[in-house]
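The letter at position 88 of the sequence shown is residue 88 when you use the working numbering, and the numbering goes up by one with no holes.
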Amino acid sequence: MQILQVSAEYFPLLKTGGLADVTGALPRALRPLGCELRTLLPGFAEVLRGLHEPVEVGSCLTPWGQAVRVLRGELRDSGSADDTQGPVAYVADSAALYLRPGGPYETPDKRPHPDNHRRFAALAWVAARLARGLDPSWRPELVHGHDWHAGLVPACLAASGDRHVPSLFTIHNLAYQGLFPRSDYQGLGLPADWFQIEGLEFHGQLSFMKAGLHYADRISTVSPGYAREIQTPEFGCGLDGLLRHRSAVLSGILNGIDDRVWDPRRDAQLQARYDADSLDRRALNKAALQAELGLEPRPELPLFTVVSRLTEQKGLPLVLDGTDALVQRGAQLLLLGSGDSALEAAFQAKAGQHPGRVAVRLGYDEALSHRIFGGGDVALVPSRFEPCGLTQMYGLAYGCVPLVRRVGGLADTVTDADLVTLVDGSATGVVFERMDSADFGHAVQRMLALYRRPADWRQVQQAGMRQPLHWGDAAARYQALYRSMLPGR
Ligand code: ADP
Ligand code: GLC
Numbered sequence: 001m002q003i004l005q006v007s008a009e010y011f012p013l014l015k016t017g018g019l020a021d022v023t024g025a026l027p028r029a030l031r032p033l034g035c036e037l038r039t040l041l042p043g044f045a046e047v048l049r050g051l052h053e054p055v056e057v058g059s060c061l062t063p064w065g066q067a068v069r070v071l072r073g074e075l076r077d078s079g080s081a082d083d084t085q086g087p088v089a090y091v092a093d094s095a096a097l098y099l100r101p102g103g104p105y106e107t108p109d110k111r112p113h114p115d116n117h118r119r120f121a122a123l124a125w126v127a128a129r130l131a132r133g134l135d136p137s138w139r140p141e142l143v144h145g146h147d148w149h150a151g152l153v154p155a156c157l158a159a160s161g162d163r164h165v166p167s168l169f170t171i172h173n174l175a176y177q178g179l180f181p182r183s184d185y186q187g188l189g190l191p192a193d194w195f196q197i198e199g200l201e202f203h204g205q206l207s208f209m210k211a212g213l214h215y216a217d218r219i220s221t222v223s224p225g226y227a228r229e230i231q232t233p234e235f236g237c238g239l240d241g242l243l244r245h246r247s248a249v250l251s252g253i254l255n256g257i258d259d260r261v262w263d264p265r266r267d268a269q270l271q272a273r274y275d276a277d278s279l280d281r282r283a284l285n286k287a288a289l290q291a292e293l294g295l296e297p298r299p300e301l302p303l304f305t306v307v308s309r310l311t312e313q314k315g316l317p318l319v320l321d322g323t324d325a326l327v328q329r330g331a332q333l334l335l336l337g338s339g340d341s342a343l344e345a346a347f348q349a350k351a352g353q354h355p356g357r358v359a360v361r362l363g364y365d366e367a368l369s370h371r372i373f374g375g376g377d378v379a380l381v382p383s384r385f386e387p388c389g390l391t392q393m394y395g396l397a398y399g400c401v402p403l404v405r406r407v408g409g410l411a412d413t414v415t416d417a418d419l420v421t422l423v424d425g426s427a428t429g430v431v432f433e434r435m436d437s438a439d440f441g442h443a444v445q446r447m448l449a450l451y452r453r454p455a456d457w458r459q460v461q462q463a464g465m466r467q468p469l470h471w472g473d474a475a476a477r478y479q480a481l482y483r484s485m486l487p488g489r
């Protein structure tokens with residue numbers, strides 16, 4: 001099968017969150033199943049730098065008259081052994097659209113780039129051209145778009161040509177919808193009468209997310225739990241009605257983790273590598289982490305950790321409110337994150353109040369995140385909503401026991417430790433229900449009680465590490481979904 005996936009991010013080239021981890025892992029996970037997944041990316045500087053031996057396969061003129069070169073090249077991950085042949089990528093190359101200061105979506109002062117509608121519409125038109133044979137040597141049978149950045153892909157496919165190329169649209173996060181004023185719709189090259197409720201209009205605005213949900217043949221999201229939740233008003237972000245209407249073509253496929261990148265047995269970032277039978281070696285990593293972050297070098301104190309974007313979604317005010325109690329109960333807290341400036345400042349203030357017990361590292365640091373999972377005791381993920389969540393899975397794989405809220409993919413991946421699950425061996429973490437300090441605080445106390453029972457603690461760590469989290473199952477599910485969309489396959 002030949003599939004084109006369309007994404008704004010791809011690990012290791014460009015990552016702002018879990019989306020990149022997923023799109024970076026999928027091509028290799030699907031390859032053994034006979035699916036060739038090529039990736040179309042915007043020509044951001046990081047992407048162009050990571051593209052090996054680029055050749056120009058053609059060019060497109062956007063409906064508003066901007067020229068975009070389409071490059072094809074190979075994506076290679078640095079440092080991995082099986083890199084003889086990396087996955088193939090196409091890049092929509094336009095300096096005017098993609099080469100500029102700031103992040104992929106925002107200016108340096110954290111405002112959306114003013115022409116984001118054009119930047120990601122251009123990506124969708126390139127996808128549609130590739131689907132119609134722009135590269136004579138390879139033509140996708142199906143196009144798979146990820147998140148709002150690829151939301152116009154199904155619409156552009158539907159608008160171009162008579163041959164129907166099926167499309168799958170995957171929601172990684174319904175909260176980011178790609179909304180633009182009505183006036184931005186003009187000139188994007190789609191029929192004027194599609195700007196309506198039975199189309200891509202959302203409360204008077206252009207919604208890239210809604211376009212994906214409306215025009216795609218199939219919709220998926222990144223956990224079965226989130227697939228159910230987004231059909232309710234509480235989690236549906238105003239799109240639950242449409243999602244209920246399309247529920248027959250909506251499915252949830254739990255993400256995996258890429259064990260070429262996340263495996264404590266061979267993680268080059270760790271001082272001591274280990275597996276489920278050599279967990280004592282984690283003590284070396286914990287000591288190194290405490291030293292690196294200026295935490296008291298006390299092996300007996302449970303080290304709670306957070307690796308996260310600091311946004312509304314992640315529920316971190318609960319951690320902030322609970323920090324004093326956590327310290328009083330004899331724990332340490334280490335946070336690595338960036339985002340909301342009020343949260344950044346508040347966590348820094350906490351670190352100032354509790355020197356040696358609370359450490360905060362603001363910014364984005366991939367290598368440190370590995371050391372945190374490899375040396376921390378607890379991974380805190382108290383999200384308000386969580387489509388899948390990867391950090392709790394990294395915690396599971398690394399024996400850094402997750403404490404999560406029972407929501408979305410967190411509920412699908414972590415089994416709460418109680419008397420029953422401890423006895424039958426299925427416990428892998430601590431799960432709490434309500435988004436309030438009392439419930440969170442109780443979960444912290446349960447985690448501390450578990451930590452003080454070394455045999456149970458070890459069993460919970462090992463159960464998490466032995467939980468199958470790799471991409472195998474997920475890849476087979478995507479393959480089955482692709483196949484169901486291609487009659488005759
Ligand atoms: P989301 O995509 O909503 O941010 P996920 O848990 O799916 O949540 O994925 C987050 C990814 O980003 C994980 O790979 C996590 O380790 C990484 N990450 C988040 N914040 C940081 C940070 N400050 N430094 C390094 N990695 C981070
Ligand atoms: C989004 C979600 C996160 C998910 C990731 C990868 O960023 O917020 O829960 O794990 O996408 O699918």
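Each residue gets a CB set at the ideal place from its N, CA and C atoms; glycine is no exception. Everything numeric in this text was worked out from a predicted model, so none of it was measured.
Sort the options by Cα distance to residue i and report the nearest one.
| i | options | result |
| --- | --- | --- |
| Arg118 | Asp184, Arg371, Leu75 and Arg434 | Asp184 |
| Phe373 | Met393, Pro355 and His354 | Met393 |
| Asp135 | Gln269, Ser247 and Ala92 | Ala92 |
| Leu26 | Arg129, Asp377 and His146 | His146 |
| Glu141 | Val55, Gly18, Leu157 and Leu335 | Leu157 |
| Leu448 | Arg466, Glu300 and Arg76 | Glu300 |
| Leu303 | Ala379, Gly204, Lys110 and Ile3 | Ala379 |
| Gly103 | Ala417, Ser247, Gly464 and Val47 | Val47 |
| Arg163 | Pro87, Arg182 and Leu130 | Leu130 |
| Asp259 | Gly204, Leu284, Pro468 and Gly236 | Pro468 |
| Gly86 | Ala346, Leu206, His52 and Pro154 | His52 |
| Arg483 | Gln66, Leu213 and Arg218 | Arg218 |
| Thr62 | Trp148, Leu279, Trp125 and Arg384 | Trp125 |
| Ala127 | Phe180, Leu19, Pro101 and Arg69 | Arg69 |
| Thr421 | Ala438, Gly464 and Cys388 | Gly464 |
| Asp37 | His144, Glu56 and Ala45 | The sequence given here has Leu at residue 37, not Asp. Ranking the options by Cα distance to Leu37, first place goes to His144. |
| Arg466 | Ala427, Asp267 and Arg446 | Ala427 |
| Gly339 | Met1, Pro181 and Tyr364 | Tyr364 |
| Gly315 | Gly294, Leu343, Ser94 and Gln328 | Leu343 |
What residue does the beta strand (DSSP E) around residue i start on, and which one ends it?
| i | result |
| --- | --- |
| Ile171 | Ser167 to Ile171 |
| Pro27 | Unbroken run through Pro27 is the alpha helix (DSSP H), Gly18 to Leu30; no beta strand (DSSP E). |
| Pro54 | Leu51 to Leu61 |
| Phe208 | From DSSP, Phe208 is part of no beta strand (DSSP E) but of the alpha helix (DSSP H) over Phe208 to Tyr215. |
| Val378 | Val378 to Val381 |
| Asp93 | Val88 to Asp93 |
Under 8 Å: does the beta carbon of residue i sit that close to some heavy atom of ligand 1?
| i | result |
| --- | --- |
| Glu344 | no |
| Gly363 | yes |
| Glu292 | no |
| Gly464 | no |
| Leu99 | no |
| Ser308 | yes |
| Tyr398 | no |
| Tyr394 | yes |
| Ser426 | no |
| Leu336 | yes |
| Glu366 | yes |
| Ser220 | no |
| Ser369 | yes |
I'd like to check one pair, residue j with residue i: are the Cβ atoms closer than 9 Å?
| i | j | result |
| --- | --- | --- |
| Val444 | Ala325 | yes |
| Leu362 | Leu168 | no |
| Leu239 | Leu174 | yes |
| Arg357 | Pro382 | no |
| Leu333 | Val306 | yes |
| Gly50 | Leu13 | yes |
| Tyr398 | Pro487 | no |
| Ser251 | Ala150 | no |
| Val401 | Leu450 | yes |
| Ile171 | Leu390 | no |
| Pro42 | Gly73 | no |
| Leu335 | Gln462 | no |
| Ala474 | Ala20 | no |
| Gly271 | Ala367 | Gly is not the amino acid found at residue 271; the sequence shown has Gln there. No, these two residues do not count as a Cβ contact at 9 Å. |
Just reading off the alpha helix (DSSP H) that residue i is part of, what are its end residues?
| i | result |
| --- | --- |
| Phe373 | Glu366 to Gly375 |
| Ser341 | Ser341 to Gln353 |
| Gly395 | Thr391 to Tyr398 |
| Thr413 | Gly408 to Thr413 |
| Val404 | That residue, Val404, is in no alpha helix (DSSP H); its beta strand (DSSP E) goes Val401 to Arg405. |
| Pro454 | Pro454 to Arg466 |
Using a C-beta cutoff of 9 Å, does residue i count as contacting chain D?
| i | result |
| --- | --- |
| Thr16 | No chain D appears in this structure, which consists of one protein chain only. |
Taking 8 Å as the line, does the beta carbon of residue i fall inside it for any heavy atom of ligand 3?
| i | result |
| --- | --- |
| Lys15 | Of the ligands one can find in the structure shown, namely ligand 1 and ligand 2, none is ligand 3. |
Name all residues in chain order for which at least one heavy atom of ligand 2 lies closer than 7 Å to the residue's CB. Gly17, Gly18, Leu19, Asp21, Val22, His172, Asn173, Val222, Asn255, Gln313, Glu386, Pro387, Cys388, Gly389, Leu390, Gly408 and Gly409
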